[in-house]
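Chains A and B are the protein sequences, given in the same order. For the first sequence, the residue numbers in this note's numbering are 287 to 908. For the second sequence, the residue numbers in this note's numbering are 19 to 316.
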Amino acid sequence: MAFLHPEALWLALTLPAIVFFYLLRPRRRERPVPSILLWQQVAQELEANRPWQRLRPQFILWLQLLAAGLCALAAAGPTLRLAGPARNTIVLLDASASMQATDVAPSRFARALREVEAMAAGLRGGRLTVIAFDRQPRVVVNEARDAAGVRRALAGLKPSSAAGDVAPALSLAGALARRLTHPRLVLVSDGGLDFPANLPAGLEVITVGRSAANVSLAGLSLRSLGGNQVAQVSVVNHGDAAAKGRVNLYVNGRAAGSKAWQLPAHGATHLLWPDLPPGATVAAELEADDPAADYLAVDNRAWAVPQSGRRARALLVTTGNVYLERALSLLPGLEVYRATPEEYARLAAASYPYELTVWDGYADKNLPPGAVWIINPPPGLRLEGLEVGPAFRPHALVGADGSPVLRYVDLAEVHLEKAHRLTLAGGWTVDLAADGRPLLARRAEKGRRLAVLACDPQHSDLPLRPAFPVLVQNLATWLVPPALEVPQGRVGEELLVSPLPLAEKIIIEAPDGSVTELVPPFPPAPFRPAVPGLYHLVQRWANPERPGDTVEVRQAFAVNAYDVREAVLAPRMPGGSGEEGPVAGGPHGRRPPGRPVPLSSVLGLATLAVVLWEWKVVSRGR
Amino acid sequence: MPETAGLLSPEILARLEGYRLIHHKPVGGATGGLWRARQKGGSSEFVDYREYAPGDEPRRVDWMAYARLRRLYVREYLDERRDCVLFLLDASASMGFGTPLTKEVYAAQVIGGLVACALAGQDQPVLAVTSGAGTAILRPGGRRAGLARSLRFLEATSWGGRADLDGALEAALRTAPSIRSLYLCSDLYEREALTRLLRLAAAREVETTVLHVLAPEEWVPGGEGDWALTDSETGERLELTLTPFALAAYARRLQEFVAALEEECRRWGARRVALNSGEGAQVTLFRTLPRAGVTRPQ
Chain A
287 MAFLHPEALW LALTLPAIVF FYLLRPRRRE RPVPSILLWQ QVAQELEANR PWQRLRPQFI
347 LWLQLLAAGL CALAAAGPTL RLAGPARNTI VLLDASASMQ ATDVAPSRFA RALREVEAMA
407 AGLRGGRLTV IAFDRQPRVV VNEARDAAGV RRALAGLKPS SAAGDVAPAL SLAGALARRL
467 THPRLVLVSD GGLDFPANLP AGLEVITVGR SAANVSLAGL SLRSLGGNQV AQVSVVNHGD
527 AAAKGRVNLY VNGRAAGSKA WQLPAHGATH LLWPDLPPGA TVAAELEADD PAADYLAVDN
587 RAWAVPQSGR RARALLVTTG NVYLERALSL LPGLEVYRAT PEEYARLAAA SYPYELTVWD
647 GYADKNLPPG AVWIINPPPG LRLEGLEVGP AFRPHALVGA DGSPVLRYVD LAEVHLEKAH
707 RLTLAGGWTV DLAADGRPLL ARRAEKGRRL AVLACDPQHS DLPLRPAFPV LVQNLATWLV
767 PPALEVPQGR VGEELLVSPL PLAEKIIIEA PDGSVTELVP PFPPAPFRPA VPGLYHLVQR
827 WANPERPGDT VEVRQAFAVN AYDVREAVLA PRMPGGSGEE GPVAGGPHGR RPPGRPVPLS
887 SVLGLATLAV VLWEWKVVSR GR
Chain B
19 MPETAGLLSP EILARLEGYR LIHHKPVGGA TGGLWRARQK GGSSEFVDYR EYAPGDEPRR
79 VDWMAYARLR RLYVREYLDE RRDCVLFLLD ASASMGFGTP LTKEVYAAQV IGGLVACALA
139 GQDQPVLAVT SGAGTAILRP GGRRAGLARS LRFLEATSWG GRADLDGALE AALRTAPSIR
199 SLYLCSDLYE REALTRLLRL AAAREVETTV LHVLAPEEWV PGGEGDWALT DSETGERLEL
259 TLTPFALAAY ARRLQEFVAA LEEECRRWGA RRVALNSGEG AQVTLFRTLP RAGVTRPQ
């Protein structure tokens, strides 16, 4: 037998305390008697004149000692290991969002921690490693030898709001297991995981959780309609019983009404709020009438922000290219300006507010700030690892697989009259080539994006093909990407931030007030939001028009916690029954040998029974 | 003295006229009296058996007993003589306990009844009461007036303090040297005084009957718990936890105490009768004492 909380054994001091009170002389009532002649002899027989009376074996005393002993024992958290030798154990502890469910008190995660602590209490010479995982695994206990150390390491550990991914955790556990001899691998989880096909042999699974009852806000989306916004809220009942409740909507933080919902088991519905003010940020909150119908709270709130209306400024430097000008002006995210090479020289000498510069048959020895697209560069140009050579006649065009700028671009019917030979140094990516020579290449370095097209579209049938506007769209999007691909994300998923061309500092303000600085340095690291809510992406740079002033661009984006794998609470394991407790797992799964069985609950009930028994004895007057 | 008005009802007194004291020793007082005296001989009142000895009259042999037991026994009889009887009442503080009747009330009623028996049998009663206030002695005199005086004397008894049993006997013997019988009514917690009294009575050839009175709570005490016991006479204090174990120990000690008293009385030729004040004086006078051979119906 081992103890989870051996420090609680000090409660056993109550036992001598009880004996002490029995030894203490009691307060006596006065009683006159005819004579104490006989009583004196009785007192001598009982040795009652001693400071401490003789401890008499009273039944009530034994009951009290038994109750106190059981209570102290229960507080110490004893566990009983049924069988099995001491082994090194690696525990995969599910810390995903569904572990916040409260269908088992106080929560699935707390129950899982208790299971891990019970395993730690039964180490008996073995070592315990705990890997907590949601989307990413992390070692929280590394080869601990004692239960107290494990308990300290697990203290304060909380489940995240992200979905769980067991594969990286299994991979990490496999790497750790290779250093150990016959390690025991235990997964403590509620399921909801995408298990790889080749589960480790002998993987033991301890399932926590009982109920599937959960109602989620599966989505909150905004779209424009007639100058206003329409919010659509999706409510899904993942439980096995019907449920009902309300959804409250907040616009810019203010209540904008609520709507009732009533769903059968596994039903879904959509609620619409029309005529919302344009550009407003919207939040929705779900309430279930019966708390027992919704055990997971993390997916009961959702946020949405409208698409940003900001447009980047582009400068087309050309002597005249109607096709290109027309294609650029059709892009909704661009505000296109045109300048001749002479005008450009003046503009470049002054403050330069353009985030994209398109050189059409023109080139300067100095690159302007922001992104640059060079079309039909003049021969002899040497710039940023690019050298332009003489012209040649390209034949078959070959696009690079997976190139983002050639997405949906059909080049089969495109014919080029001529193109310039490009010599590219390292750092350039070739997207399109002909006869083994690059025709379209791009380069991204230190926040600056550069693309070069080695031909003049006007000397080809490309502008007449549907591929041309698509190619322009793709290139413009790559050159001046929106700060965020979409204005919303999910907890735990990476968000890639594309800096504005002039951005010098980028931070993200989280809903809890914390600030994460992404830039500098470039390129910005992926951002992984930890909590759901409304975030703000803030980009700053020095104002070129007003020295000493700073330009700040703020963009809100929403991060929601809903993930259908986490929202479906029904415990499910590979090959498992879905019921709480240890189950087999893996090709060679078996019941965990020697799993420690916590005895505190049994001892607590026994204490209660003894106390009731004592009360009955006392009430009967012994 | 507590309320004793009407110590004995007229009905009880009338009934007691049919009872007599039984003396087991020959009286040395006035001879040829009307009432019984203790002298074995030709009287028709049977007293006891003893084994046959050579020289005994064959007509006194109980042949029926011989037929049953195959041994010879001789019947003994009492002569009827007048006797001077001392009734000594312990009026100490320890007698003031007991429910539903305190020992003092009970003892006064028993002594009053015995006085009535004595007067009915033409005996000459002498009453002595000893307490912390001293010893009071009464020679009530004639039969009817004597009984009334005796009852008033008992009712007016001053209770409390510690008794002086042997001193009271000495005083009574000085007042009435012809005393040949003594009836002591006491709870007998004064062991040494009892010994002195018995020794003195034996020396003066006084036939002694000790009526040992205890209350029901003394015979079988109850009340488990933590107590501080206070002696009613000495004021001495004793802390004790009464448990079943302690009560069992008390029962053993009481048994030993009674056995020691019995042995003491036997040693000095006295007889001891244990009385429980809880049974009431009427039961004692008409059932317990006759069964114990203290009185008999005429």
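Beta carbons are placed, not taken as given, at the ideal position from N, Cα and C, and that holds for glycine.
{"Query": "Per DSSP, A/Glu573 forms a beta bridge with which residues?", "Result": "A/Arg532"}
{"Query": "On a Cα-Cα basis, can you pick out the residue from A/Tyr630, A/Glu641, A/Ala657 and A/Leu642 that is closest to A/Tyr648?", "Result": "A/Tyr630"}
{"Query": "Using only CA atoms, which one of A/Leu347, A/His681 and A/Ile660 lies nearest to A/Glu670?", "Result": "A/Ile660"}
{"Query": "Is there a C-beta anywhere in chain A that falls below 7 Å from the one on B/Trp81?", "Result": "no"}
{"Query": "What is the rounded straight-line gap between the Cα of B/Tyr84 and the Cα of B/Ile40?", "Result": "27 Å"}
{"Query": "Please classify A/Arg840 as buried or exposed, where buried requires at least 16 neighbouring CB atoms within 10 angstroms.", "Result": "exposed"}
{"Query": "Output the boundary residues of the beta strand (DSSP E) element that contains A/Lys545.", "Result": "Arg540 to Leu549"}
{"Query": "With distance defined between alpha-carbon atoms, name the residue in A/Ala740, A/Leu786, A/Gly775 and A/Glu401 nearest to A/Leu473.", "Result": "A/Glu401"}
{"Query": "Terminal residues of the continuous beta strand (DSSP E) containing B/Tyr37?", "Result": "Tyr37 to Leu39"}
{"Query": "Less than 8 Å between the CB atoms is what I'm expecting for A/Val328 and B/Tyr268, so what's the real figure, rounded?", "Result": "5 Å"}
{"Query": "By the DSSP assignment, the beta strand (DSSP E) with A/Gln774 in it spans what residues?", "Result": "Gln774 to Arg776"}
{"Query": "Determine which residues share a DSSP beta bridge with A/Gly819 and list them.", "Result": "A/Val845"}
{"Query": "Looking at the secondary structure, which residues open and close the beta strand (DSSP E) in which A/Val850 lies?", "Result": "Run containing A/Val850: none in the beta strand (DSSP E); it sits in the alpha helix (DSSP H), Val850 to Ala853."}
{"Query": "Mind listing the chain B neighbours of A/Leu309? Cutoff is C-beta to C-beta under 9 Å, in chain order.", "Result": "By Cβ distance, chain B contributes nothing, its closest Cβ being about 12 Å from A/Leu309, past 9 Å."}
{"Query": "Between the stretch 191-209 of chain B and chain A, which residues of the former have a C-beta closer than 7 Å to a C-beta of the latter?", "Result": "Asp205 and Tyr207"}
{"Query": "Shorter than 7 Å from the beta carbon of B/Trp245 to some beta carbon of chain A?", "Result": "yes"}
{"Query": "Kindly indicate which three-state DSSP category A/Pro655 falls into: helix, strand or coil?", "Result": "coil"}
{"Query": "Looking at chain A, is there any beta carbon in it that lies within less than 7 Å of the beta carbon of B/Arg271?", "Result": "yes"}
{"Query": "Just reading off the beta strand (DSSP E) that B/Trp245 is part of, what are its end residues?", "Result": "Gly243 to Asp249"}
{"Query": "At the 7 Å Cβ level, is B/Ser112 part of the contact set with chain A, yes or no?", "Result": "yes"}
{"Query": "Tell me which residues of the stretch 310-327 of chain A have at least one Cβ-Cβ distance to chain B shorter than 9 Å, keeping chain order.", "Result": "Arg311, Pro312, Arg313, Arg314, Arg315, Glu316, Arg317, Pro318, Val319, Pro320, Ser321, Ile322, Leu323, Leu324, Trp325, Gln326 and Gln327"}
{"Query": "Between B/Asp249 and chain A, is the shortest Cβ-Cβ distance under 7 Å, so that the two count as touching?", "Result": "yes"}
{"Query": "Assuming the contact rule is C-beta atoms closer than 8 Å, B/Ser149 and B/Gly178 should be a hit. Round their C-beta distance to whole Å, please.", "Result": "6 Å"}
{"Query": "Can you check whether the C-beta of A/Leu349 is within less than 7 Å of a C-beta belonging to chain B?", "Result": "no"}
{"Query": "Leaving out five residues on either side along the sequence, give the residues of the same chain with a beta carbon under 6 Å from the beta carbon of A/Ala430.", "Result": "Leu414 and Val436"}
{"Query": "Checking contacts by CB at 7 Å: is B/Ala264 closer than that to chain A?", "Result": "yes"}
{"Query": "Could you tell me how far apart the beta carbons of A/Leu324 and B/Leu272 are, in whole angstroms, since I believe they sit closer than 8 Å?", "Result": "6 Å"}
{"Query": "Any chance the stretch 142-159 of chain B sits against the stretch 177-191 of chain B, with 3 or more Cβ pairs inside 8 Å?", "Result": "yes"}
{"Query": "In this structure, does DSSP put B/Val224 in helix, strand or coil?", "Result": "coil"}
{"Query": "Name the chain B residues that come within less than 9 Å of A/Leu332, Cβ to Cβ?", "Result": "Leu258, Thr259, Thr261, Phe263, Ala264 and Ala267"}
{"Query": "Whole angstroms is fine: what's the gap from A/Ala711's alpha carbon to A/Val738's?", "Result": "13 Å"}
{"Query": "Confirm, please, whether the CB-CB distance from A/Val691 to A/Asn929 is below 7 Å.", "Result": "No statement about residue 929 of chain A is possible, as the shown extent of chain A runs from 287 to 908 and does not include it."}
{"Query": "Could you work out which residues of chain D lie near A/Ala391, taking near to mean beta carbons separated by less than 9 Å?", "Result": "Of the protein chains in the structure, A and B, none is chain D."}
{"Query": "May I have the straight-line CA-CA distance separating B/Gly311 from B/Glu35, to the nearest angstrom?", "Result": "17 Å"}
{"Query": "Counting only runs of 3+ residues fully inside the stretch 712-755 of chain A, write out the beta strand (DSSP E) ranges in chain order.", "Result": "715-720, 723-731 and 734-739"}
{"Query": "Please list the partners that B/Glu297 has in chain A, where partner means a Cβ-to-Cβ separation under 7 Å.", "Result": "Here the premise fails: no neighbours, minimum Cβ distance about 18 Å."}
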